[in-house]
């Protein structure tokens, strides 16, 4: 292992502080933190990836403009309002950057902005101004966890992560926070996630590393097949760890990508496990595929199937639905060679071999499927490519949460 | 109007009789009809389209082989078992054809076979033999409705349809039955649907007409995004109406396609309205698209969005989710020109213009959305292509039905 997970979050790397407060962005919210600031005491190399949805929050346009020089020093994020599909969205996003710049004493051009919440309601700027003002001088190492809370919407748990790795003989730290529970079907970005590191990495290599690490982590998560309008994953690198700056794809770069991928995967699993209404984390591991894209298609198709997701909610070993989802995935696969097993902390059970059912104990399968984390192992025998995708079960609560989200 | 809907079903056209009985294909089923026979007293021109899922029921392979000469005279269908992913599936499907051939006095090569139900359980042939035997000499015009019942699984209502049209001065009748409630995301076929007509149509023109009519009807339905392994839509034409046989794409052909499209659309709406757990039929009508494929992508994307479907269950005018689904549909669209309205028997309300929200009465929107059939009208202003797709809301009952389908 070239990396090690540690306690902490977005403020774990050297140079970073953060805070989160209740700004009442939604007037009815009087207690939940809904505005976050993340700050670095030095200008960072920075990169970000965004949603591929054509309908995009204006915050993304502003953040893209501010990252055009590959530099950033602070992040401002609100929950409770997505600032999407609003006529004055761009202007409001710029105002948020100016507010953060004033409170933190940085250049507004070096502020990243993001919003999450209801689409199509005008963003009130006064609560944000007041909330940011309340954080003046209050950002700290301890405040990172308040920032993690402030970006939550229907999330039920905070998502934080920190890890260390050795680069050029120096200990480098990576930290991050994320939110996301519904409208999750990530395509080249994620819901909102902010990752910090004190690694010294050139802007170009940071962007490369981000894109590589995202593929096998965030981009393999789906809660409900809906790609959000606001997905943003940004990374800031302060360089304070003192490692020799990564400027090419050397061993240090590869270690950094490997660690980053593991870090992102951990967050990806947290997002899936906390999917709206979810009672189970589902991991579909596909092996023996002809090509990587085939493995990716199959694992995502299984994890996205409403019928499979509902069966897992009911702890029903209905492997026919796995086969069905493999069949319509669009992957090149010989269905006569497919095998399916279910696995959890209670053990493993094979239910399908060579594309057909085999006798198995329903009782034993139930015992395995009643656990909170289920692996669906799909073997194809067509080659040696593999992939894994992350999702969750489809439950009554998903319907409840989304049947009346706005009120 | 060149066609007219009438009462009746699959036996409405001249020459056709049918029946359905309880054969206990699932041993626990002691009362519900689960085996159907459809018969024509003359050999028919016949055509069929099937699921695009790579995992296919062996019944489809057998039906394809039997239709290779473009002729058929009878149909045998069971519910309660999909005969899919079984090592002996092909053999069992052939046995079903032989059983029907014996009971009806036709050539087994002229029998179409289909199955629907649980995937991956061996099909018991004895109940089918006994059930078919019980129907010997009992097929009738009245039996069509029993056949419609026999092919149901989680459906809550029978789907039957009949219409007449004038072709070459003769009255031609079209009739049909269908089933389908879950695992519905139709791609070039449908769940199970059997359509009969006494029109005289050449085999080649019948196949052409079927393919044309399917595009704007069955292929625009989605209940849950899962394309079934057993989708089959077959049409049999007895020629008994005495119209001049359609052998080229003349006016009669176009009238036939127009009528068939309307007939299929009616069935498509019935499938969507009776989607598993559904309380509402959702119709997404897109107009002003640059191209037809763009309109199709958008209407399907909206109808498939879990978030939109859940919002409709809650009668929540959450148009942001419509915009979101348009954005990730993959269609070429200028989001700054999008307009969205909701419409039902209680009236119409516009909620979004030029890609941004407009003030509207939530109370009035609620009143409109509490109805059982909701139209979502999407205007694009990019061109003049249009499309409509059919779906249903996502409800607690969908989760309940699919949380424990097998037991």
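Protein chains in written order, with the numbering used here: chain D, 1464 to 1870; chain A, 1464 to 1870. All residues carry an ideal CB built from backbone N, CA and C; glycine is no exception.
DSSP three-state assignment for residue 1857 (chain A), whether helix, strand or coil | Residue 1857 (chain A) falls in the coil class under three-state DSSP.
Since residue 1507 (chain D) contacts residue 1697 (chain D) with CB under 8 Å, what's their CB separation in whole angstroms?
-> Not a contact, Cβ separation roughly 10 Å.
Mind checking which residues open and close the beta strand (DSSP E) that includes residue 1630 (chain D)?
-> Counting along the chain, the beta strand (DSSP E) containing residue 1630 (chain D) begins and ends at 1622-1630.
When the Cβ atoms of the stretch 1836-1846 of chain D are set against those of the stretch 1738-1757 of chain D, are three or more pairs found closer than 8 Å?
-> Yes: the two stretches touch, three or more of their Cβ pairs being nearer than 8 Å.
Is the stretch 1545-1564 of chain D touching the stretch 1581-1597 of chain D, taking contact as three or more C-beta pairs under 8 Å?
-> As far as the Cβ criterion goes, the stretch 1545-1564 of chain D touches the stretch 1581-1597 of chain D, which means the pair count is three or higher.
Residue 1505 (chain A): buried (16+ other C-beta within 10 angstroms of its C-beta) or exposed?
-> Exposed.
Among all the DSSP beta bridges, which residues are the ones paired with residue 1466 (chain A)?
-> In the DSSP output, where bridge partners are listed per residue, residue 1466 (chain A) has A:1628.
Residue burial classification, residue 1793 (chain D) (beta-carbon count within 10 angstroms, cutoff 16) | Taking every protein chain shown into account, the CB of residue 1793 (chain D) has fewer than 16 other CB atoms within 10 angstroms, so this residue is exposed.
Decide if residue 1454 (chain D) is buried, meaning its Cβ has at least 16 other Cβ atoms within 10 Å, or exposed.
-> With chain D covering only 1464 through 1870, there is no way to say anything about residue 1454 (chain D).
Could you check what DSSP says for residue 1479 (chain D) in three-state terms: helix, strand or coil?
-> Here residue 1479 (chain D) sits in strand by DSSP.
Would you call the CB atoms of residue 1857 (chain A) and residue 1862 (chain D) closer than 8 Å?
-> Contact: yes.
Among D:1495, D:1681 and D:1706, which residue has its Cα nearest to the Cα of residue 1851 (chain D)?
-> Relative to the Cα of residue 1851 (chain D), the nearest Cα in the group D:1495, D:1681 and D:1706 belongs to D:1681.
Grouping DSSP H, G and I as helix and E and B as strand, with all else coil, what is residue 1709 (chain D)?
-> Of the three classes helix, strand and coil, the one that applies to residue 1709 (chain D) here is strand, per DSSP.
Using 8 Å as the limit for Cβ to Cβ distance, is residue 1651 (chain A) near chain D?
-> Here the model assigns residue 1651 (chain A) a pLDDT of 42, short of 50, so the residue's position is not dependable, and the following value carries that caveat. Not closer than 8 Å to any Cβ of chain D, the Cβ of residue 1651 (chain A) fails to qualify, so no.
Given a threshold of 16 other Cβ atoms within 10 Å of its Cβ, counted over all protein chains shown, does residue 1575 (chain A) qualify as buried or as exposed?
-> Answer is buried; the Cβ neighbour count reaches 16.
Taking only runs of the beta strand (DSSP E) that begin and end inside the stretch 1699-1767 of chain A, which ones reach a length of at least 3 residues, in chain order?
-> Unbroken beta strand (DSSP E) runs of no fewer than 3 residues, entirely contained in the stretch 1699-1767 of chain A, are found at 1744-1752, following chain order.
Please work out which residues of its chain come closer than 6 Å, Cβ to Cβ, to residue 1669 (chain D), disregarding the five sequence neighbours upstream and downstream, and give them in chain order.
-> For residue 1669 (chain D), where only same-chain residues beyond five positions count, the Cβ hits under 6 Å are 1508, 1510 and 1700.
Own chain, CB closer than 8 Å to residue 1817 (chain D), minus 5 neighbours either side, in chain order = Exclusion of the five residues before and after residue 1817 (chain D) leaves 1799, 1800, 1801 and 1802 as the residues of its chain whose Cβ lies within less than 8 Å of its Cβ.
Can you tell which of A:1552, A:1580 and A:1855 has its C-alpha closest to the C-alpha of residue 1733 (chain A)?
-> Among A:1552, A:1580 and A:1855, the Cα nearest to that of residue 1733 (chain A) is on A:1855.
Along the chain, where does the alpha helix (DSSP H) that runs through residue 1522 (chain A) open and close?
-> Note, residue 1522 (chain A): alpha helix (DSSP H), 1521-1529.
Near residue 1618 (chain D), which residues of its chain fall below 6 Å by C-beta distance, leaving aside the five closest residues on each side in sequence?
-> 1642, 1644 and 1737, listed in sequence order.
Would you report the Cα separation of residue 1925 (chain D) and residue 1679 (chain D), rounded to the nearest angstrom?
-> Residue 1925 (chain D) is absent from the structure shown; chain D starts at 1464 and stops at 1870.
Please report how far the alpha carbon of residue 1822 (chain D) lies from the alpha carbon of residue 1813 (chain D), in whole angstroms.
-> Cα atoms of residue 1822 (chain D) and residue 1813 (chain D): separation of roughly 9 Å, rounded to the nearest angstrom.
Three-state secondary structure (DSSP) at residue 1777 (chain D)?
-> DSSP places residue 1777 (chain D) in coil when its eight states are reduced to three.
Kindly list, in the order they appear in chain D, the residues whose Cβ is closer than 8 Å to that of residue 1787 (chain A).
-> Near residue 1787 (chain A) (Cβ distances below 8 Å), the residues of chain D are 1516, 1518, 1582, 1646, 1689, 1690, 1691 and 1692.
DSSP state of residue 1565 (chain A) mapped onto helix, strand, coil = Three-state DSSP puts residue 1565 (chain A) in a helix.
Starting from residue 1494 (chain D), trace the beta strand (DSSP E) both ways and give me its first and last residue.
-> Residue 1494 (chain D) -> no beta strand (DSSP E), and no H or E assigned at all.
Can you list the residues of chain D that residue 1858 (chain A) reaches, using a CB-CB cut of under 9 Å?
-> Listed along chain D are 1862 and 1866, each with a C-beta nearer than 9 Å to that of residue 1858 (chain A).
Once you ignore the five residues that flank residue 1653 (chain D) on each side, which residues in its own chain have a CB closer than 6 Å to its CB?
-> In this predicted model, residue 1653 (chain D) has a pLDDT of only 45, less than 50, meaning its place in the structure is not dependable enough to derive any value.
Do we get a CB-CB distance below 8 Å when we pair residue 1719 (chain D) with the residues of chain A?
-> No, no contact with chain A.
Would you call the CB atoms of residue 1662 (chain A) and residue 1706 (chain A) closer than 8 Å?
-> Residue 1706 (chain A) is positioned such that its CB atom lies closer than 8 Å to that of residue 1662 (chain A).
Leaving out five residues before and five after residue 1525 (chain D) in sequence, what residues of the same chain have Cβ atoms less than 7 Å from its Cβ?
-> Result list for residue 1525 (chain D): 1553, 1556, 1557, 1560 and 1576, in chain order.
Can you grab the Cα-Cα spacing for the pair residue 1523 (chain D) / residue 1780 (chain D), in whole Å?
-> Note on geometry: alpha-carbon atoms of residue 1523 (chain D) and residue 1780 (chain D) lie some 42 Å from one another.
Who are the neighbours of residue 1594 (chain D) on chain A, taking C-beta pairs under 8 Å?
-> Residues of chain A passing the Cβ test: none, with the nearest at roughly 23 Å.
Under 8 Å between C-beta atoms, does residue 1855 (chain D) make it to chain A?
-> Not closer than 8 Å to any Cβ of chain A, the Cβ of residue 1855 (chain D) fails to qualify, so no.
Per-residue DSSP class, three states only, for residue 1586 (chain A) | Residue 1586 (chain A): coil per DSSP, three-state reduction.
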